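K.L.:
Let me begin by handing over the structure; questions about it come next.
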Amino acid sequence: MKYNVLKEVIVMSKFYDLIPSQETMYLMQKYTLHKQIVQIPSAFSVDMDVDFNTLLKALNIEIERNDSLRLRFKKNGKKIQQYFLDEYKLDSVKILTFKTETEQNEFFEKDAKKPVKFMKDECYRFYFFNGYNGYKGIYSNVSHMAMDAMGILVCYLDLLSVYKALKDGTELPAPLCKYEDYIIKEHERCANKERFEKDRQFYDEYFRSAGEPSYCGVHGPEFLEKERIKKKNPDLKVPSAYNPLLDKADVLQKKVSPELSRKILEFCKARSVAPESLMLLGMRTHLSWLNGRDPYGFQMLMCSKRIRKTDMRTGGCMAQPIQVRTVLSEDMTFQEGLDEFLHVRTSLYKHLSYPYIAARDQSREIFGFSMIQGPAALMFSWLPIPVTELTEFKFDFKTYNLGRYFSPLYAICYPDPRSESLMLHYMYRVKLITPEHLDALHTNTLKIIEKGIENPDITIGELLDSLNG
Numbered sequence: 027m028k029y030n031v032l033k034e035v036i037v038m039s040k041f042y043d044l045i046p047s048q049e050t051m052y053l054m055q056k057y058t059l060h061k062q063i064v065q066i067p068s069a070f071s072v073d074m075d076v077d078f079n080t081l082l083k084a085l086n087i088e089i090e091r092n093d094s095l096r097l098r099f100k101k102n103g104k105k106i107q108q109y110f111l112d113e114y115k116l117d118s119v120k121i122l123t124f125k126t127e128t129e130q131n132e133f134f135e136k137d138a139k140k141p142v143k144f145m146k147d148e149c150y151r152f153y154f155f156n157g158y159n160g161y162k163g164i165y166s167n168v169s170h171m172a173m174d175a176m177g178i179l180v181c182y183l184d185l186l187s188v189y190k191a192l193k194d195g196t197e198l199p200a201p202l203c204k205y206e207d208y209i210i211k212e213h214e215r216c217a218n219k220e221r222f223e224k225d226r227q228f229y230d231e232y233f234r235s236a237g238e239p240s241y242c243g244v245h246g247p248e249f250l251e252k253e254r255i256k257k258k259n260p261d262l263k264v265p266s267a268y269n270p271l272l273d274k275a276d277v278l279q280k281k282v283s284p285e286l287s288r289k290i291l292e293f294c295k296a297r298s299v300a301p302e303s304l305m306l307l308g309m310r311t312h313l314s315w316l317n318g319r320d321p322y323g324f325q326m327l328m329c330s331k332r333i334r335k336t337d338m339r340t341g342g343c344m345a346q347p348i349q350v351r352t353v354l355s356e357d358m359t360f361q362e363g364l365d366e367f368l369h370v371r372t373s374l375y376k377h378l379s380y381p382y383i384a385a386r387d388q389s390r391e392i393f394g395f396s397m398i399q400g401p402a403a404l405m406f407s408w409l410p411i412p413v414t415e416l417t418e419f420k421f422d423f424k425t426y427n428l429g430r431y432f433s434p435l436y437a438i439c440y441p442d443p444r445s446e447s448l449m450l451h452y453m454y455r456v457k458l459i460t461p462e463h464l465d466a467l468h469t470n471t472l473k474i475i476e477k478g479i480e481n482p483d484i485t486i487g488e489l490l491d492s493l494n495g
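Numbering (my numbering), first residue to last: 27 to 495.
Take a look at the structure:
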């Protein structure tokens, strides 16, 4: 692939420090043995004829419209800083043709494991491709420092709109909002010392209110028990599950039936329930059952932070994890469990400006966790692909295996219009978790959710009992 920088104007006053979302991503890469864990490889393809020459023109227009595609990183002294190129253009993008699904997956999975060298002016790689199934599309491998998953979707959808405008000879869609403006506003929010102190006090109370959390792994209590014996500490609650030596990872993809997918989305719409709350309630109930019916749930939720309409039309990286801690007694109903998730999420969302790293360091200081300890055995992300905006044709969206990952398990859920189903993408550390563990998690999560949808008054205890058979 050949790149051509037409013009690069770097003004010292236009260097920006990393925002909290980027600091989180950089920290994950800095303290890992394998650098590909902080990138997002994905493919977006459509069931229609695509002229790749026109698509290249559209991509270069997208680079003009979407300033996160002109974002670069540089080390200034001891700081990693960022700046925006005035102009940038791709001379060409390699076009690939695949005859089989295996051939296509093998090529992209190989590229997925190849680090994107964002400190050497490589923030992304692009390929155009003719898919084995007749679909045509674009593959990208993007540094998480430059974009998050929603930022990539913003890019793909706007690129498609630009392509259609070029093909149809119509006006280009409304311009995107500038990521640079978001960076400036984020730094202004972080500079508010009074707000920062209120956020710190909130998290201090949030962590202390229920005492030290327990690690409830999808692999059951065995890993924790082994570490208790090894460290001669029978009261240990949180093992070293974030050890970088355990980072080898694989991916398992699962599908929710179209019927249950419709039930889930209709239930969420009718009751104003966020899909991530419903999925997390199902998952944490399975984890509780697997770990002695522990009522204390502690999971990570990757929050896109795209709350305002302008955010939804902005590229770049805004996402950062939030630590969702729930205490659900067995006499609570399924609906009350959802209400508790809503309460916790709403509370956390009021403090989204508080950096994840600061919150994480607070919990470590309070509970004495080491750098490789962490109570969250699961991180979850809901990717709201706007299916209703893409009704003219069928499309396919897929992410690929990085081969390494910083945490035990990351589950991503998104709607797939091609199969009219919800898809679940599980990235897991193979030294801790097996496909059988994930089969059980997936099956029981859906079982719990279906029972809860059918009878929101069923209790958490009854749901736990239902898993015994």
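Just so it is clear, CB atoms sit at the ideal spot from N, CA and C, and this is done for glycine as well. All values reported here derive from a predicted model rather than from experimental measurement.
For the alpha helix (DSSP H) holding His451, just list the boundary residues, first then last.
P.N.:
Segment Ser447 to Arg455 is the beta strand (DSSP E) holding His451; no alpha helix (DSSP H) there.
K.L.:
Just checking, does the stretch 44–59 make contact with the stretch 201–219 on the three C-beta pairs under 8 Å criterion?
P.N.:
Contact between the stretch 44–59 and the stretch 201–219 is present, because at least three Cβ pairs lie under 8 Å.
K.L.:
Do you know offhand how far Lys140's Cα is from Gly163's?
P.N.:
The straight-line gap from Cα to Cα measures roughly 21 Å.
K.L.:
Here's a check: name, in chain order, each residue in its chain whose Cβ is nearer than 6 Å to the Cβ of Pro347, leaving out the five neighbours to either side.
P.N.:
Here the set comprises Met326, Met328 and Tyr382.
K.L.:
Should Asp357 be labelled buried (16 or more other beta-carbon atoms within 10 Å of its own) or exposed?
P.N.:
The residue in question, Asp357, is exposed, as its Cβ has fewer than 16 Cβ neighbours within 10 Å.
K.L.:
Is DSSP giving Cys149 helix, strand or coil here?
P.N.:
Cys149: coil per DSSP, three-state reduction.
K.L.:
Cα separation between Val37 and Val168?
P.N.:
Below a pLDDT of 50, predicted positions are generally treated as unreliable, and Val37, at 39, falls in that range; no measurement from the model is reported.
K.L.:
Alpha carbon to alpha carbon, how far is Thr340 from Val180? Give it in angstroms, no decimals.
P.N.:
Using only the alpha carbons, I get a separation of about 7 Å.
K.L.:
Starting from the N-terminal side, write out each stretch of the beta strand (DSSP E) that is 3 residues or longer and does not extend beyond the stretch 379–425.
P.N.:
Listed in chain order, they are 405–408 and 421–425.
K.L.:
Do you know offhand how far Tyr229's Cα is from Gln361's?
P.N.:
Using only the alpha carbons, I get a separation of about 26 Å.
K.L.:
Judging by CA-CA distance, which residue of Pro239, Leu81, Ile89 and Ala267 is the nearest neighbour of Ser389?
P.N.:
The residue with the shortest Cα to Cα distance from Ser389 is Pro239.
K.L.:
Using only CA atoms, which one of Ser492, Glu480 and Ala384 lies nearest to Cys216?
P.N.:
It is Ala384 whose Cα lies nearest to the Cα of Cys216.
K.L.:
Between the Cα of His312 and the Cα atoms of His468, Phe41, Tyr440 and Glu90, which residue gives the shortest distance?
P.N.:
When only C-alpha atoms are compared, the closest one is His468.
K.L.:
What does Ser68 pair with, by DSSP beta-bridge criteria?
P.N.:
Paired residues: Ser166 and Thr425.
K.L.:
What does DSSP give as the partner residue(s) for Gln227 in the beta ladder?
P.N.:
Its beta-bridge partners do not exist; DSSP assigns none.
K.L.:
According to DSSP, is Asp43 helix, strand or coil?
P.N.:
Of the three classes helix, strand and coil, the one that applies to Asp43 here is strand, per DSSP.
K.L.:
Can you give me the C-alpha to C-alpha distance between Gly157 and Gln130, rounded to a whole angstrom?
P.N.:
When rounded, the distance between both Cα atoms is 7 Å.
K.L.:
In whole angstroms, what separates the C-alpha of Asp117 from that of Asn79?
P.N.:
Straight-line Cα distance between these residues: approximately 11 Å.
K.L.:
What are the boundary residues of the beta strand (DSSP E) that Pro247 is part of?
P.N.:
Here Pro247 belongs to no beta strand (DSSP E), and DSSP marks it neither H nor E.
K.L.:
Decide if Met397 is buried, meaning its Cβ has at least 16 other Cβ atoms within 10 Å, or exposed.
P.N.:
Answer is exposed; the Cβ neighbour count stays below 16.
K.L.:
Use the C-beta contact count for Glu285: other C-beta atoms within 10 angstroms, 16 or more gives buried, fewer gives exposed.
P.N.:
The residue in question, Glu285, is exposed, as its Cβ has fewer than 16 Cβ neighbours within 10 Å.
K.L.:
Tell me, to the nearest whole angstrom, how far the beta carbon of Ala175 is from that of Ser407; I am working on the premise that it is less than 8 Å.
P.N.:
Confirmed, Cβ separation roughly 7 Å.
K.L.:
To the nearest angstrom, how far is it from the Cα of Asn317 to the Cα of Pro247?
P.N.:
Their backbone Cα atoms lie some 6 Å apart in a straight line.
K.L.:
Which residues mark the beginning and the end of the beta strand (DSSP E) in which Val350 is found?
P.N.:
Val350 -> beta strand (DSSP E) spans Gln346 to Val353.
K.L.:
Which runs of the alpha helix (DSSP H) fall wholly inside the stretch 242–317 and span at least 4 residues, in chain order?
P.N.:
Runs found: 248–256, 284–297 and 301–316.
K.L.:
If you reduce the DSSP assignment to three classes, tell me which class Cys216 lands in.
P.N.:
The answer is helix: DSSP assigns Cys216 an H, G or I state.
K.L.:
State buried or exposed for Ala296, treating a residue as buried only when at least 16 other CB atoms are found within 10 Å of its CB.
P.N.:
Ala296 is exposed by the Cβ-count criterion.
K.L.:
Excluding five sequence neighbours on each side, which residues of the same chain lie with their C-beta closer than 8 Å to the C-beta of Leu409?
P.N.:
Hits under 8 Å: Ala175, Met176, Leu179, Ile438, Cys439 and Tyr440.
K.L.:
DSSP has Pro441 in a bridge; who is on the other side?
P.N.:
Looking at the DSSP assignment, Pro441 forms a beta bridge with Leu448.
K.L.:
Comparing C-alpha positions only, which one of Phe134, Pro401, Glu480 and Leu278 sits nearest to Pro461?
P.N.:
Checked all of Phe134, Pro401, Glu480 and Leu278; the closest Cα to Pro461 is Leu278.
K.L.:
Let me check understanding here. Comparing Cα to Cα, which of Gly487, Lys274, Arg288 and Phe124 lies closest to Glu476?
P.N.:
Closest option to Glu476, Cα to Cα, is Arg288.
K.L.:
Tell me whether Asn131 sits in a helix, a strand or coil according to DSSP, three-state version.
P.N.:
Asn131 falls in the helix class under three-state DSSP.
K.L.:
Beta strand (DSSP E) containing Met176: first to last residue?
P.N.:
Counting along the chain, Met176 falls outside any beta strand (DSSP E), though it belongs to the alpha helix (DSSP H) covering Ala175 to Asp194.
K.L.:
If you run the structure through DSSP and keep just helix, strand and coil, what is Cys203?
P.N.:
Reduced to three states, the DSSP call for Cys203 is strand.
K.L.:
Short of 7 Å in beta carbon distance, which residues of its chain neighbour Lys33, apart from the five on each side in sequence? Order them along the chain.
P.N.:
Confidence at Lys33 is low in this model, with a pLDDT of 35, below 50, so the placement of that residue should be treated as unreliable; the coordinate-derived value is given next. Cβ neighbours of Lys33 beyond the five flanking positions: Asp112 and Glu113.
K.L.:
Could you pull the DSSP bridge partners for Lys105 from this structure?
P.N.:
Note: Lys105 sits in a beta bridge opposite Asn102.
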